[in-house]
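Read the structure below first, then the notes.
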Amino acid sequence: MKNLKRLFLSTGLALVVGLSLTACANKTENAESSSETKSTAAQVEKAGVTEEKPILVDKEKKTVTVLAKVNGKYFDQGTRHALVFKDGKFGDKPILVSMADQNTFYNSLIEIGAKPGNNMNPENAEKTQVEGDKINVSVTWDATEKNYDINEVVKDSNGKKIDMRFGGNQERAKDKNTGCLACLDSCPVGIVSNHTYAYGSVEKRMEASFSGNSEVLPADGTYVAVTFALAQ
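Okay, so the sequence shown: first residue is 4 according to my numbering, each after it adds one.
See the structure below:
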């Protein structure tokens, strides 16, 4: 009888200890999960952009800020796409994946007083460089104190300076739905693109290659804020 009692007490104690350890493990796991969710939250708090509000217009400062996510794939290979909407046809091709669409982006630039060049079309694209108001582009994220110029976060294989212009192209942007907000050579579809190179310089004529600067940009999947400022 005494042996039976000891067995019962021993079994009960083991059960309690087991349940306690499981509860502690679950609590730790939940805490880690909560911490991870916080660190990968779809927002850049200091810039005021979130998944629910992925684009922010400041008429006074003449800026448009877009929530985006770093695409580490293009740390090691080249692309002509700087910033593309996640649900666009080319949503898997940019250095930075935008949470805002290209059409809202176009309207936002108009809202701050930017004037589009609209000088490019599919027929003249390879012989024409994009025109339109000059746009200064910078990138920041919550873990840094700095706003990095696009020339610091994107590497040009030729070492030339990226010169972004508001090309326009609203109707083609809607029709093609590539999702392109910002391209790294002059583009007849992208809303903003690089005046330094004519269309086809990257993918067709191989005159240049662009990649994300892994020594400056945060890790793959990190949310960043990309600000487009109308040059004064």
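Positions of the beta carbon are idealized from the N, C-alpha and C atoms, including for glycine. Only a predicted model underlies this, so the values are computations on that prediction, with no experimental measurement involved.
Unbroken beta strand (DSSP E) run spanning residue i, endpoints
| i | result |
| --- | --- |
| Asn1 | Outside the shown range of the chain, which is 4 to 235, sits residue 1, and nothing can be said about it. |
| Asp61 | 58–61 |
| Ala85 | 84–88 |
| Thr68 | 66–73 |
| Lys158 | 157–159 |
Buried versus exposed, by CB contacts within 10 Å (16 or more), residue i
| i | result |
| --- | --- |
| Lys158 | buried |
| Met123 | buried |
| Met209 | exposed |
| Glu35 | Reliability fails at Glu35, whose pLDDT of 38 lies under 50, so the model's placement of it is uncertain and no value is given. |
| Gln105 | buried |
| Ser160 | exposed |
| Gln46 | buried |
| Pro125 | exposed |
Those residues which DSSP pairs with residue i across a bridge
| i | result |
| --- | --- |
| Ile138 | Leu233 |
| Gln173 | According to DSSP, Gln173 bridges with nothing at all. |
| Ala185 | Leu86, Val195 |
| Asp152 | Ser141 |
| Thr1 | It is not possible to answer for residue 1, since the shown part of the chain is limited to 4 through 235. |
Nearest candidate by alpha-carbon position, reference residue i, set the options
| i | options | result |
| --- | --- | --- |
| Asn127 | Asn216, Ala50, Val192, Phe231 | Val192 |
| Tyr151 | Tyr77, Leu220, Glu54, Gln80 | Leu220 |
| Leu233 | Phe78, Ala146, Glu114 | Glu114 |
| Thr68 | Gly215, Leu184, Glu206 | Leu184 |
Residue i: first and last residue of the uninterrupted alpha helix (DSSP H) it sits in
| i | result |
| --- | --- |
| Val192 | No alpha helix (DSSP H) contains Val192, which DSSP labels as neither H nor E. |
At which residue ranges does the segment 101–134 contain complete alpha helix (DSSP H) runs of 4 or more residues, listed in the order of the chain? Secondary structure within the segment 101–134: the alpha helix (DSSP H) runs of 4 or more consecutive residues, fully enclosed, are 105–114 (chain order).
Continuous beta strand (DSSP E) assignments of at least 3 residues falling wholly in the segment 200–226: 213–215
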